[in-house]
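The structure under discussion appears below in the form of structure tokens.
In my numbering, the protein residues as written are 1343 to 1517.
See the structure below:
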């Protein structure tokens, strides 16, 4: 990971563009968060977190690259941020309670090496997870990946997906 956040209550303010370069390796994340109540906030129209065209998902990897990876955290937020060309998924939330992704713009779709499904937002084993007021726009060829995916390893899963806009693409899937 480029940035590892292990302190609770951190606010990451993004005013410019953060661009990830290179090809994927397992467990390759731009931001890796293991602390509670971490907030990512985009300020201004140029607040962009982006994977490069070479930063592609390799289906042979167990856990491929992700722009923001929350691991077993509670109360984390991403808002007012543009996420472009996320590789395996732009935001991956693994476990935890009460995280939110709101008012973000997901542009393009990540490149894929074999057509494997990839996600703008992926949540696994999450509780009280909110995805609200985001906008999802396909890439320049008019194709998009599956935008939102969620699965659970527990029976107490609760995901709310509301007031999001999905622009034209071949797949608006929510799993």
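By construction, the Cβ of each residue, glycine as well, lies at the ideal position given by its N, Cα and C atoms. This structure is a prediction, so every number in the text was calculated from the model and none was measured.
**Message:** Using only CA atoms, which one of 1437, 1509, 1358 and 1473 lies nearest to residue 1392?
**Reply:** Working through the chain shown from its first residue, we reach residue 1392 at position 50. Out of 1437, 1509, 1358 and 1473, 1358 has the C-alpha closest to the C-alpha of residue 1392.
**Message:** Which residue marks the beginning of the beta strand (DSSP E) containing residue 1375, and which one marks its end?
**Reply:** Within the chain shown, the letter at position 33 stands for residue 1375. Note, residue 1375: beta strand (DSSP E), 1371-1375.
**Request:** Taking residue 1468 as the reference, give the member of 1412, 1363 and 1362 with the closest Cα.
**Result:** Here the question's residue 1468 lines up with position 126 in the chain shown. Of 1412, 1363 and 1362, the residue nearest in Cα terms is 1412.
**Request:** Look up residue 1484 in the DSSP assignment and say whether it is helix, strand or coil.
**Result:** Position 142 of the chain shown, counted from the start, is the residue given in the question as residue 1484. The pLDDT assigned to residue 1484 is 49, lower than 50, so where the model puts this residue is not dependable, and the model offers no usable value.
**Prompt:** Can you tell which of 1466, 1448 and 1499 has the C-alpha that lies nearest to the C-alpha of residue 1474?
**Reply:** Sequence index remark: in the chain shown, residue 1474 carries index 132 (1-based). With distances taken between Cα atoms, residue 1474 lies closest to 1448.
**Message:** Taking the straight line between their C-alpha atoms, what separation do you get for residue 1382 and residue 1505?
**Reply:** Walking along the chain shown from the start, residue 1382 turns up at place 40. Walking along the chain shown from the start, residue 1505 turns up at place 163. Computed Cα separation, rounded: 20 Å.
**Asked** What separation, rounded to the nearest whole angstrom, lies between the Cα atoms of residue 1360 and residue 1389?
**Response** Locating residue 1360 in the chain shown gives position 18, counting from the first residue. Locating residue 1389 in the chain shown gives position 47, counting from the first residue. When rounded, the distance between both Cα atoms is 8 Å.
**Message:** Here's the rule: buried if 16 or more other CB atoms are within 10 angstroms of the residue's CB, otherwise exposed. What is residue 1434?
**Reply:** Residue 1434 sits at position 92 when you count from the first residue of the chain shown. With 16 or more other Cβ atoms within 10 Å, it is buried.
**Message:** Quick check on the DSSP output: the beta strand (DSSP E) that includes residue 1362 runs from which residue to which?
**Reply:** Taking the first residue of the chain shown as position 1, residue 1362 is located at position 20. 1359-1362 is the span of the beta strand (DSSP E), which, as asked, contains residue 1362.
**Message:** Checking the sheet assignment: what are the DSSP bridge partners for residue 1381?
**Reply:** Locating residue 1381 in the chain shown gives position 39, counting from the first residue. For residue 1381, which the question treats as bridged, DSSP gives the partners 1353 and 1419.
**Item:** Start-to-end residues for the beta strand (DSSP E) that takes in residue 1444
**Value:** Locating residue 1444 in the chain shown gives position 102, where the first residue counts as 1. From DSSP, the beta strand (DSSP E) with residue 1444 extends over 1442-1444.
**Item:** Selected residue, minimal CA-CA separation from residue 1375, among 1355, 1349 and 1477
**Value:** Locating residue 1375 in the chain shown gives position 33, where the first residue counts as 1. Of the candidates 1355, 1349 and 1477, the one whose C-alpha sits nearest the C-alpha of residue 1375 is 1349.
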